[in-house]
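Asks: Please read through the structure below; I'll follow up with questions.
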Amino acid sequence: MTAKMYYDNDADPAALAGKTVAIIGYGSQGHAHALNLHESGVDVVVGLAASSKSRALVEDAGIRVADVADAVRSADVVMILVPDTAQKAVYDTEIGPNLRPGALLMFAHGFNIHFNRIDPPAGIDVGMVAPKGPGHLLRSVYQAGGGVPALFAVYRDATGTARAKTLAYARAIGATRAGVLETTFAEETETDLFGEQSVLCGGTAALVKMAFETLVEAGYQPELAYFETLHELKLIVDLMYRGGLNFMRFSVSDTAEWGDYVSGPRIIDSHVRETMKQVLTEIQDGSFAARWITENEAGRPNFDRLRQQDHDHLVERVGASLRSQMAFLNPIEVKAGQAQASVGAPGGGSR
Ligand code: NAD
Ligand code: MG
Numbered sequence: 014m015t016a017k018m019y020y021d022n023d024a025d026p027a028a029l030a031g032k033t034v035a036i037i038g039y040g041s042q043g044h045a046h047a048l049n050l051h052e053s054g055v056d057v058v059v060g061l062a063a064s065s066k067s068r069a070l071v072e073d074a075g076i077r078v079a080d081v082a083d084a085v086r087s088a089d090v091v092m093i094l095v096p097d098t099a100q101k102a103v104y105d106t107e108i109g110p111n112l113r114p115g116a117l118l119m120f121a122h123g124f125n126i127h128f129n130r131i132d133p134p135a136g137i138d139v140g141m142v143a144p145k146g147p148g149h150l151l152r153s154v155y156q157a158g159g160g161v162p163a164l165f166a167v168y169r170d171a172t173g174t175a176r177a178k179t180l181a182y183a184r185a186i187g188a189t190r191a192g193v194l195e196t197t198f199a200e201e202t203e204t205d206l207f208g209e210q211s212v213l214c215g216g217t218a219a220l221v222k223m224a225f226e227t228l229v230e231a232g233y234q235p236e237l238a239y240f241e242t243l244h245e246l247k248l249i250v251d252l253m254y255r256g257g258l259n260f261m262r263f264s265v266s267d268t269a270e271w272g273d274y275v276s277g278p279r280i281i282d283s284h285v286r287e288t289m290k291q292v293l294t295e296i297q298d299g300s301f302a303a304r305w306i307t308e309n310e311a312g313r314p315n316f317d318r319l320r321q322q323d324h325d326h327l328v329e330r331v332g333a334s335l336r337s338q339m340a341f342l343n344p345i346e347v348k349a350g351q352a353q354a355s356v357g358a359p360g361g362g363s364r
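Shown next, in the form of structure tokens:
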């Protein structure tokens with residue numbers, strides 16, 4: 014281990030003493046940041062559209078709510094927590110023109126700075142705290158006395174205070190209880206996109222679907238295929254989460270471990286490695302970002318089609334039926350067109 018981890022003792026809360034932090038947006042990350050900061054004693058104002066249904070939730074929590082422009086005008090630190098695809102428009106119209114001189118503009122993901130969608134003026138500090146977990150976890154772990162680890166980065170320190178404020182922010186949301194790691198906007202953005210495309214979302218979803226289809230096409234019962242290729246994945250991931258691949262292999266049978274060694278690399282083979290490298294290149298050279306921005310500007314025709322197509326996949330229909338009888342796993346069904354990141358958070362499903 015060579016990377017330095019920063020913990021509570023490395024982050025001085027005094028950097029935010031007497032400062033006002035504006036949290037823009039109250040979705041998955043927004044509600045967790047606002048509530049954790051507030052309970053850590055930081056002065057918080059949440060900036061929302063006048064019509065936002067989240068306004069009452071913020072007020073019920075004892076936190077001030079204001080229009081985005083007013084929240085920004087009153088703040089020393091502004092954290093943008095609206096969806097990445099919406100950030101440029103909100104920044105251009107309501108945030109940028111109202112930033113106080115010397116303010117610190119913060120992000121939880123580097124996409125818009127790294128791909129030059131948002132270009133704050135020279136006197137504005139720019140920082141990032143990117144929790145490595147969804148908002149509802151950031152909130153519940155904080156409430157239980159722990160923290161979700163995070164990355165932090167300083168893109169520009171015009172005032173000389175950006176780094177201390179960014180670390181104090183990471184501490185106030187609980188992240189330094191678990192440890193934060195310093196990075197750059199480029200590294201965070203590229204690795205985050207690669208991780209979700211290759212393993213966390215894309216690779217895993219494609220692997221599950223392909224294995225499920227292989228069993229069903231060979232004549233096995235879809236319900237059984239569901240248990241083998243999706244349901245049991247959680248048990249395996251939990252083992253890896255606690256003790257890495259070694260603990261997973263320690264816990265499964267020797268037959269399963271042998272099959273892992275001899276068949277795993279045949280399935281995820283050198284073609285997959287070549288494709289991963291290509292996917293990484295397209296992230297690095299900006300072509301993935303350009304395509305996604307164009308898709309949004311066109312009203313998301315391909316995104317909607319692809320979402321609909323997978324929504325009704327057999328693995329989903331079989332899974333929904335089986336999960337409805339397994340109350341212990343707290344099943345949740347996402348309706349067509351409802352899919353959204355913040356299920357489980359206040360305001361979830363409001364988009
Ligand atoms: P989200 O989808 O939960 O939405 C955030 C809020 O923005 C909601 O209150 C929503 O009502 C509001 N909003 C939606 N569209 C808007 C628009 N056009 N204009 C103004 N407000 C709008 O977002 P999120 O998942 O919390 O993501 C926020 C930031 O956090 C992003 O930069 C994301 O990359 C980052 N992040 C997210 C996660 C995660 O697990 N969700 C983890 C780490 C970092
Ligand atoms: Mg991520």
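Mind the numbering: the sequence shown is residues 14 to 364 in our numbering, read in order. No residue lacks a Cβ here, since even glycine has one placed at the ideal position from N, Cα and C. Quantities reported herein were computed from a predicted structural model and do not represent experimental measurements.
Are the segment 99-111 and the segment 70-88 touching, with three or more C-beta to C-beta distances below 8 angstroms?
Replies: yes
Asks: Which residue from 44, 76 and 214 puts its Cα closest to that of residue 54?
Replies: Walking along the sequence shown from the start, residue 54 turns up at place 41. Selected option, being the one with the closest Cα: 76.
Asks: Taking the alpha helix (DSSP H) that residue 86 belongs to, which residues open and close that run?
Replies: Here residue 86 is taken as the residue at index 73 of the sequence shown, counted from 1. 81-86 is the extent of the alpha helix (DSSP H) around residue 86.
Asks: Entirely within the segment 106-150 and at least 3 residues each: give me those beta strand (DSSP E) ranges in chain order.
Replies: If only complete runs of 3 or more residues are kept, the segment 106-150 shows the beta strand (DSSP E) at 117-120 and 138-144, in order along the chain.
Asks: Quick check on DSSP: helix, strand or coil for residue 313?
Replies: For the purposes of this step, residue 313 is identified with residue 300 of the sequence shown, where counting begins at 1. If DSSP states are grouped into helix, strand and coil, residue 313 belongs with coil.
Asks: Taking residue 171 and residue 137 to be in contact with their CB atoms under 8 angstroms, please state how far apart those CB atoms are, rounded to whole angstroms.
Replies: Here residue 171 is taken as the residue at index 158 of the sequence shown, counted from 1. Here residue 137 is taken as the residue at index 124 of the sequence shown, counted from 1. Yes, residue 171 and residue 137 are in contact; Cβ-Cβ is about 7 angstroms, under 8 angstroms.
Asks: Looking only at its own chain, which residues have a Cβ that is under 8 angstroms from the Cβ of residue 221, when we skip the five neighbours before and after it?
Replies: In the sequence shown, the residue the question calls residue 221 occupies position 208. So the list reads 242, 243, 246 and 328, once near-sequence residues are dropped.
Asks: Can you list the alpha helix (DSSP H) stretches of 4 or more residues lying completely in the segment 261-294, in chain order?
Replies: 267-280
Asks: Please return the same chain residues whose Cβ sits closer than 7 angstroms to the Cβ of residue 335, not counting the five positions on each side in sequence.
Replies: Position 322 of the sequence shown, counted from the first residue, corresponds to residue 335. Excluding sequence neighbours, residue 335 sits near 236 and 239.
Asks: How about the segment 21-37 and the segment 175-194: do they share at least three Cβ pairs that are nearer than 8 angstroms?
Replies: Segments in contact, yes.
Asks: Can you determine whether any heavy atom of the ligand NAD sits closer than 7 angstroms to the C-beta of residue 122, and answer yes or no?
Replies: Sequence index remark: in the sequence shown, residue 122 carries index 109 (1-based). Answer for residue 122: yes, Cβ within range of the ligand NAD.
Asks: Mind listing, in chain order, the continuous beta strand (DSSP E) runs of no fewer than 3 residues lying wholly within the segment 169-253?
Replies: 193-195, all fully within the segment 169-253.
Asks: Quick check on residue 213: buried or exposed, where buried means 16 or more other Cβ atoms within 10 Å of its Cβ?
Replies: The residue labelled residue 213 in the question sits at position 200 within the sequence shown. Of the residues assessed, residue 213 falls on the exposed side of the cut-off, its CB having fewer than 16 other CB atoms within 10 angstroms.
Asks: What separation, rounded to the nearest whole angstrom, lies between the Cα atoms of residue 48 and residue 57?
Replies: By 1-based counting over the sequence shown, the position of residue 48 is 35. By 1-based counting over the sequence shown, the position of residue 57 is 44. Cα to Cα, the separation comes out at about 9 angstroms.
Asks: Considering only C-alpha positions, which residue in the set 166, 130, 188 and 133 is nearest to residue 158?
Replies: For the purposes of this step, residue 158 is taken as the residue at position 145 of the sequence shown. Nearest option by C-alpha distance: 188.
Asks: Hey, is residue 41 close to the ligand NAD, as in C-beta under 7 angstroms from one of its heavy atoms?
Replies: Taking the first residue of the sequence shown as 1, we reach residue 41 at position 28. Flag set: Cβ of residue 41 near the ligand NAD.
Asks: Could you have a look at residue 33 and say whether DSSP puts it in helix, strand or coil?
Replies: Taking the sequence shown and counting its residues from 1, the one referred to as residue 33 is at position 20. It is a strand residue.
Asks: Could you give the residue range of the beta strand (DSSP E) that holds residue 60?
Replies: Indexing the sequence shown from 1 puts residue 60 at position 47. Secondary structure note for residue 60: its beta strand (DSSP E) is the uninterrupted segment 56-60.
Asks: Mapping DSSP to helix, strand and coil, what is residue 347?
Replies: Within the sequence shown, the letter at position 334 stands for residue 347. In this structure, residue 347 counts as coil in the three-state DSSP scheme.
Asks: Can you tell me the Cα-Cα spacing of residue 192 and residue 350, whole angstroms?
Replies: What you label residue 192 is simply residue 179 of the sequence shown in a count that begins at 1. What you label residue 350 is simply residue 337 of the sequence shown in a count that begins at 1. Computed Cα separation, rounded: 37 angstroms.
Asks: Tell me the DSSP secondary structure of residue 76 in three-state form.
Replies: Residue numbering aside, residue 76 sits at position 63 when the sequence shown is read from its first letter. The answer is coil: DSSP assigns residue 76 none of H, G, I, E or B.
Asks: Just to confirm before moving on: does the CB-CB distance between residue 164 and residue 203 stay below 8 angstroms?
Replies: Position 151 of the sequence shown, counting from 1, holds the residue named residue 164. Position 190 of the sequence shown, counting from 1, holds the residue named residue 203. For residue 164 and residue 203, no; Cβs fall outside 8 angstroms.
Asks: Let me check you understand the geometry: is the CB of residue 83 closer than 7 angstroms to at least one non-hydrogen atom of the ligand NAD?
Replies: Residue numbering aside, residue 83 sits at position 70 when the sequence shown is read from its first letter. Flag unset: Cβ of residue 83 not near the ligand NAD.
Asks: Using the three-state DSSP reduction, which class does residue 95 fall into: helix, strand or coil?
Replies: Here residue 95 is taken as the residue at index 82 of the sequence shown, counted from 1. Residue state, collapsed to three classes: coil.
Asks: Is DSSP giving residue 302 helix, strand or coil here?
Replies: The residue given as residue 302 occupies position 289 in the sequence shown. Residue state, collapsed to three classes: helix.
Asks: Determine the contact status of residue 8 and residue 117, defining contact as a CB-CB distance below 8 angstroms.
Replies: With the chain running from 14 to 364 in the structure shown, residue 8 is simply not present.
Asks: Taking only three categories from DSSP, how would you classify residue 103?
Replies: Here residue 103 is taken as the residue at index 90 of the sequence shown, counted from 1. Helix at residue 103.
Asks: Can the beta-carbon of residue 365 be found less than 8 angstroms from the beta-carbon of residue 131?
Replies: In the structure displayed, the chain extends from 14 to 364; residue 365 sits before or after that span and is not available.
Asks: Can you list, in chain order, the residues of its chain with a C-beta nearer than 6 angstroms to that of residue 147? Leave out the 5 residues immediately preceding and following it.
Replies: Taking the sequence shown and counting its residues from 1, the one referred to as residue 147 is at position 134. Result list for residue 147: 41, in chain order.
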